[in-house]
Amino acid sequence: MNLQKMSLHADLVKIPTVKNAIASIRSCGSFRNISITMSDDLWKVYADDDGNFVFNDFVLGEVQLAPTPVSSDSTKLDSMVSCLEQIAAPKQESIKEILRHLLIEKFTSKNKNVESGLKKSRFILN
């Protein structure tokens with residue numbers, strides 16, 4: 013029985029804290045732990061007479077969340093920045109290297125197809 017659909021919890025979704033938590037969740041399967049003060053109306057919907065949390069006569073179980081390992085974000089960020097710098101850095105080629113790529117073979121009777129000769133020696137300049 014899937015009771016996690018937001019459409020089933022219209023009263024809960026109206027609370028500003030819950031709205032903000034929902035807006036901050038971007039990917040499927042993500043979660044946020046928040047604390048809210050339940051009004052009497054919400055308490056009637058989500059709790060029984062004994063104080064147990066229920067929804068539509070279904071007792072809600074407590075979810076045990078395993079702590080997620082915390083990694084150093086600055087280390088990851090530094091490695092990503094250095095990787096991007098290497099990729100984005102423009103290559104400085106000497107004029108000699110550029111000219112070596114631009115030279116076209118001499119047209120002789122052996123290579124009669126000029127078009128294929130030009131295709132072989134094309135060079136793209138940025």
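Residue numbers (this note's numbering): 13 to 138.
Where is the CB? At the ideal position from N, CA and C, for every residue including glycine.
Note that the structure is predicted; figures quoted are calculated from it, not measured.
Checklist line | DSSP beta-bridge partners of Phe65 | finding: Mapped onto the sequence shown, residue 65 falls at position 53. Ala59.
Margin query: Using only the alpha-carbon positions, how far apart do Ile48 and Leu89 sit?
Written below: Locating residue 48 in the sequence shown gives position 36, where the first residue counts as 1. Locating residue 89 in the sequence shown gives position 77, where the first residue counts as 1. So the alpha carbons of these two residues sit roughly 34 Å apart.
Notebook entry, point to check: Could you give the distance in angstroms between the alpha-carbon of Asp62 and the alpha-carbon of Phe43?
Noted result: On the sequence shown, position 50 is the one that residue 62 refers to. On the sequence shown, position 31 is the one that residue 43 refers to. Between Asp62 and Phe43, the C-alpha separation is close to 28 Å.
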